[in-house]
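Below is one structure; the comments refer to it alone.
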Amino acid sequence: MDETKMAAVRRAKARFSTLMPKGVDVVGIGIGLKGTDPALKVNLGRAPKDVSVLPKTIDGVPVLYDYVGKITKR
Amino acid sequence: MKIESARALKEEIASDVVPPAVSAISSAGGFSLTTFALHKVTKAEPLVALGVAPGKKQGDVRLAVRLQRHSLERSTPLLQDIRKRAKNEVDIRFVGRIAKHALPWYRLRRRPLQPGSSVGHFNITAGTLGAIARERKTGRDVILSNNHVLANENDAKKGDAILQPGAVDKGKRPKDLVAKLTKWIELKPNGANLCDAAIATIVKGIDTDALTYKGIGKLAGVRADPLELGMAVSKVGRTTGVTRGRISAVELDKVVIQYDLGMLSFDDQVEIESTGSGSFSAGGDSGSLILDKENCGCALLFAGSETGGHNGRGLTYANPIAIVLKRLAIDLHGD
């Protein structure tokens, strides 16, 4: 994996909390894959009422949203 | 037909239609015989099972007739009589002899102890024996699994009995006691957790097979390189057996997970999605060691969701193995 791209995603991950509107049910923030490139992956417990509030990119880094619901111990 | 009519018809057919048909077949030479030990013979004969099946319209039902003998399937008078009484609102099928499903090996008692099998603290249902590892300080073999499997979410004490199989799989003390709880990483209700892990020392006299991951191959030690996005992984666990997947996310922070203790948060976790049609894991697979394509241990499975991932069948979460081994001061075999 391209370390420069990974570093960009890590910076976007650090900035994410400052950009995310309140009330969005985030249950995980990490590094995922979009095609062959790393991207910011944001897992949500449920979809927000207005999905347009979710940023599609952060500083040029694409953001992937996944609705994962409740996560439980297995 | 209405459900009440179907129930009445079931009784009528069971008492008035089936016995004469069975007598007729017996008089004409009888049913074929399956040879097995006399002590296994019971009075229950596989003949005709009767039930209720969905009808063609909503709220409507049909009589369900399941034939367990070919002689009955060939009995035209019997089938004609049933169809007539049911006014053709009937679903007739030949199902043959019905056998109980054998439980898969990973839910049964395994000696020697084997990774992938059912295990657990005596007060929990069951999880998975992830690995047989070696404690650095003592050199003794230990079972590696999750805190919530071996230490009941911090609600346990050193020396507590660990059963294989776990209690829900009919493991009982003292006959299935295989290990005693030694050490666990405390689960924190506040702040970020990094691991859900614990070890239990295997008691004397219990044989082990640390390297065989049945259905996958031999454990080849610990993965030395960092986990890569998209890389192929597999596991064998108590509930779903062998499953395969790929790493869908790394360095996952603020993963919020429901425990009996409450909602706990985890940082620096690994996410896996299935590459098959089902989920990579299900309840009871906790504690499974996740292997890379070279069969090196790379993560410890502990949580999952019911939705999400490319096939919508849920995602699985795991602790990177390096931090687990470091915090518990153990090594995997196969290095």
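Heads up: the protein sequence lines correspond to chains A and B, in order. Each residue of the first sequence is one higher than the one before, starting from 1 at the first, in our numbering. Each residue of the second sequence is one higher than the one before, starting from 75 at the first, in our numbering. All C-beta atoms in this analysis are idealised placements derived from N, C-alpha and C, irrespective of residue type, glycine included. Remember, it's a predicted structure, so these values are computed and weren't measured experimentally.
Put residue i into one of helix, strand or coil per three-state DSSP.
i	result
K262 of chain B	coil
F16 of chain A	helix
V310 of chain B	strand
A230 of chain B	coil
K288 of chain B	coil
V175 of chain B	Per the sequence shown, residue 175 of chain B should be read as His rather than Val. DSSP places H175 of chain B in coil when its eight states are reduced to three.
E199 of chain B	First, the residue type needs correcting, since residue 199 of chain B is Thr and not Glu in the sequence shown. Coil at T199 of chain B, not helix or strand.
E86 of chain B	helix
N221 of chain B	helix
M6 of chain A	helix
K254 of chain B	strand
S79 of chain B	helix
V398 of chain B	helix
L392 of chain B	It is Ala, not Leu, that sits at residue 392 of chain B in the sequence shown. A392 of chain B: strand per DSSP, three-state reduction.
D243 of chain B	helix
Could you spell out the range, first to last residue, of the alpha helix (DSSP H) harbouring residue i?
i	result
P128 of chain B	No alpha helix (DSSP H) holds P128 of chain B; the beta strand (DSSP E) holding it covers V122 to P128.
S465 of chain B	Only positions 75 to 409 of chain B appear in the structure, and residue 465 of chain B is not among them; the question remains open.
Q154 of chain B	T150 to R159
E380 of chain B	It is not in any alpha helix (DSSP H) - E380 of chain B carries neither H nor E in the DSSP assignment.
V277 of chain B	V277 of chain B -> no alpha helix (DSSP H), and no H or E assigned at all.
E147 of chain B	H144 to E147
Return the first residue and the last residue of the beta strand (DSSP E) that residue i is part of.
i	result
K321 of chain B	It should be pointed out that residue 321 of chain B corresponds to Ile in this sequence rather than to Lys. Here the beta strand (DSSP E) through I321 of chain B covers G315 to D327.
R208 of chain B	A205 to E209
V135 of chain B	V135 to L141
R167 of chain B	V164 to F168
N369 of chain B	From DSSP, N369 of chain B is part of no beta strand (DSSP E); its letter is neither H nor E.
V344 of chain B	Q343 to S348
S339 of chain B	G336 to F340
L406 of chain B	I404 to L406
Who are residue i's beta bridge partners in DSSP?
i	result
G361 of chain B	Answer by DSSP bridge pairing: none, since G361 of chain B is not bridged.
T282 of chain B	B:L187
G194 of chain B	B:L237
Q132 of chain B	None; Q132 of chain B has no bridge partner.
D299 of chain B	Answer is none; D299 of chain B lacks a bridge partner.
V330 of chain B	B:S339
V30 of chain A	The question names Val, but residue 30 of chain A in the sequence shown is Gly. Its beta-bridge partners are A:K41.
D215 of chain B	B:R208
Under 9 Å between C-beta atoms, does residue i make it to chain C?
i	result
G304 of chain B	Of the protein chains in the structure, A and B, none is chain C.
Practice task
Evaluate the contact criterion for the region 182-197 of chain B versus the region 281-290 of chain B: three or more CB pairs, one atom per stretch, below 8 Å.
Solution key: yes
Exercise for the section: Mind listing, in chain order, the continuous beta strand (DSSP E) runs of no fewer than 3 residues lying wholly within the region 32-73 of chain A? Expected result: 37-44, 61-67 and 71-73
Exercise for the section: Please determine if the region 382-393 of chain B and the region 227-235 of chain B are in contact, where contact requires at least 3 C-beta pairs separated by less than 8 Å. Expected result: no
Practice task
Mind the definition here: the region 238-246 of chain B touches the region 359-379 of chain B only if three or more C-beta pairs lie below 8 Å; say whether that holds.
Solution key: no
Exercise for the section: Mind the definition here: the region 207-226 of chain B touches the region 160-169 of chain B only if three or more C-beta pairs lie below 8 Å; say whether that holds. Expected result: no
Handout entry: Validate contact between the region 29-42 of chain A and the region 5-14 of chain A using beta carbons, cut 8 Å, 3 pairs
Key = yes
Problem - Three CB pairs or more closer than 8 Å across the region 242-257 of chain B and the region 270-281 of chain B - result: yes
Handout entry: Cβ contact (3+ pairs, closer than 8 Å) linking the region 54-73 of chain A and the region 77-84 of chain B
Key = no
Exercise for the section: Evaluate the contact criterion for the region 304-318 of chain B versus the region 12-22 of chain A: three or more CB pairs, one atom per stretch, below 8 Å. Expected result: no
Exercise for the section: Please confirm if the region 117-127 of chain B is in contact with the region 142-160 of chain B, defined as three or more CB-CB distances below 8 Å between the two stretches. Expected result: yes
Problem - Cβ contact check for the region 333-343 of chain B and the region 353-361 of chain B: 3 or more pairs under 8 Å - result: no
Exercise for the section: Assess, as a yes-or-no matter, whether the region 88-103 of chain B is touched by the region 391-404 of chain B under the definition of 3 or more beta carbon pairs within less than 8 Å. Expected result: no
Problem - Touch test, the region 320-334 of chain B against the region 170-179 of chain B, Cβ-Cβ under 8 Å, three pairs minimum - result: no
Exercise for the section: Decide yes or no for the touch test of the region 220-229 of chain B against the region 193-202 of chain B: beta carbon pairs closer than 8 Å, at least 3 of them. Expected result: yes
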